[in-house]
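In my numbering, the protein residues as written are 4 to 423.
Structural data, given as structure tokens:
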């Protein structure tokens, strides 16, 4: 697959130079006539004939785009300020929020353009128009984007591996690619790496590398969302949450048992604000919050997050030699919606890429990248890319807030694991 190879080669100085060029080019384009802008965008995408109906009325705010560029460049220049003394090694476990190509590599499932158009220029298996939060965090410590564990071509895994796959959940267990399966894959990866190192192979992660690595977990969204999809009542959904939490605990304990001591755990976002849910769920007027989101879905997400926060506190007391950081992703993402104009967005609950037009531009029968989809010309005006996942513009802001430490418990810099 060419996508992940593109990701690997585009890192380091080419990332920064490429973003600078894009920012400069995009700023210049805003000075052209609207007609030329729309024609250019039409050539670059596979959108249907109704694509232009989603084009913002002009354009997009140059000020907003430059703001995103500045934040993005600051993230890319972060390695200069990074305190890493050891080469960063990261292992990630999760779902589509952090899948960098696992679905494509593992199942051959196509993730078509316009996915990837903003940063990579082509699809890389990520469900976004550009970089994910995970990608931006990797850049902050000057390491290459994590390659999918399931990717067998052009991969060395010298800086870790990504076990996250689209659609993953914690339950049911032993189904591809549940969290416990991802942990089992890691255990095999670690054992095989140690065997090869012992046999004299070079440029592989050794036991010291595994012990000092950062272990990231971002999962649970699908567990809660799927529970609602199966028509479980709110009470029944809530009753399942402890079982989800236990699976996350089991994953941490399994990695801890293998010498892992540094964990970075994200809670789940406001599910009730996803355009996908808003377009598909029949809701009662009393179940809508002031920002247009589903109150019951968000309440379930908050209960899950509270349970996860308590779990992290509990594990800190049990694993006293481990660092376990809990990150409040929910608050970061909800703030984007509640204060969308402050962040420069104009379409807080509408997908950039999908089908159906306002208010949500989402249709489960015509997902982004499939025949008939509609795509906006300027993703930087949108929080949501495809109705479920975020745009690079939103991910850039989310990553910058994570790096601020304001949403982390305990307040810990992201690069703590590679200080040496």
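Note that beta-carbon positions come from the ideal geometry of N, C-alpha and C, so glycine has one too.
Since residue i sits in a beta bridge, which residues does DSSP pair it with?
i: residue 356; result: 378
i: residue 219; result: 95, 267
i: residue 297; result: 291
i: residue 393; result: 387
i: residue 163; result: 93
i: residue 329; result: 268, 412
i: residue 151; result: 165
i: residue 350; result: 385
My output table needs one value for residue i: the three-state DSSP class, helix, strand or coil.
i: residue 29; result: Reliability fails at residue 29, whose pLDDT of 45 lies under 50, so the model's placement of it is uncertain and no value is given.
i: residue 336; result: helix
i: residue 193; result: helix
i: residue 206; result: coil
i: residue 403; result: helix
i: residue 420; result: helix
i: residue 224; result: helix
i: residue 186; result: helix
i: residue 341; result: helix
i: residue 367; result: coil
i: residue 302; result: helix
i: residue 86; result: coil
i: residue 81; result: Residue confidence for residue 81 is low, a pLDDT of 40 falling below 50, so the modelled location carries little weight; the figure read from the coordinates is stated next. Helix, per DSSP.
i: residue 372; result: coil
i: residue 172; result: coil
i: residue 318; result: helix
i: residue 201; result: helix
i: residue 180; result: coil
i: residue 157; result: coil
i: residue 213; result: helix
i: residue 361; result: coil
i: residue 36; result: Low confidence applies here, because residue 36 scores a pLDDT of 39, under 50, leaving its location unreliable and the question unanswered by this model.
If residue i and residue j are in contact, beta carbons under 8 Å, what's the gap, nearest whole angstrom?
i: residue 167; j: residue 102; result: 5 Å
i: residue 147; j: residue 162; result: 6 Å
i: residue 139; j: residue 394; result: The pair is not a contact, with the Cβ atoms about 13 Å apart (cut-off 8 Å).
i: residue 222; j: residue 96; result: 7 Å
i: residue 355; j: residue 382; result: 5 Å
i: residue 152; j: residue 123; result: Not quite, the Cβ-Cβ distance comes to about 20 Å (not below 8 Å), so this is no contact.
i: residue 216; j: residue 93; result: 6 Å
i: residue 422; j: residue 86; result: 5 Å
i: residue 353; j: residue 385; result: 7 Å
i: residue 224; j: residue 98; result: 6 Å
i: residue 226; j: residue 298; result: In fact, because the Cβ distance is near 19 Å, the residues do not count as touching under 8 Å.
i: residue 129; j: residue 115; result: Their Cβ separation, rounded to whole angstroms, is 12 Å, which puts residue 129 and residue 115 out of contact at 8 Å.
i: residue 251; j: residue 311; result: 7 Å
i: residue 183; j: residue 105; result: That pair is no contact at about 16 Å.
Q) Which runs of the beta strand (DSSP E), 3 residues or longer, sit entirely within the stretch 89 to 145? A) Segments of the beta strand (DSSP E) lying fully in the stretch 89 to 145: 93 to 97.
**Q.** Entirely enclosed alpha helix (DSSP H) segments - the stretch 226 to 285, minimum 4 residues
**A.** Look at the stretch 226 to 285 and you find these whole runs of alpha helix (DSSP H), each 4 residues long or longer: 237 to 260, 278 to 283.
(Q) Would the stretch 234 to 242 count as touching the stretch 286 to 304 if we require 3 or more Cβ pairs under 8 Å? (A) Touching, yes, given that three or more Cβ pairs across the two stretches are closer than 8 Å.
Q) If you pair each beta-carbon of the stretch 388 to 397 with each one of the stretch 405 to 417, do three or more pairs fall below 8 Å? A) Short answer: they don't touch.
Q | Touching by the beta-carbon criterion (3+ pairs, under 8 Å), the stretch 258 to 266 and the stretch 322 to 336 | A | Contact holds: three or more Cβ-Cβ distances are below 8 Å.
Q.
Does the structure place the stretch 152 to 161 close enough to the stretch 227 to 234 that three or more beta carbon pairs sit under 8 Å?
A. The answer is no - the stretch 152 to 161 does not touch the stretch 227 to 234, with fewer than three Cβ pairs under 8 Å.
Q | At least three beta-carbon pairs within less than 8 Å, the stretch 269 to 278 to the stretch 335 to 345 | A | With the cut-off at 8 Å, the stretch 269 to 278 and the stretch 335 to 345 touch.
Q: Pair every Cβ in the stretch 276 to 286 with every Cβ in the stretch 347 to 363, then say whether three or more of these pairs are closer than 8 Å.
A: The stretch 276 to 286 vs the stretch 347 to 363: in contact.
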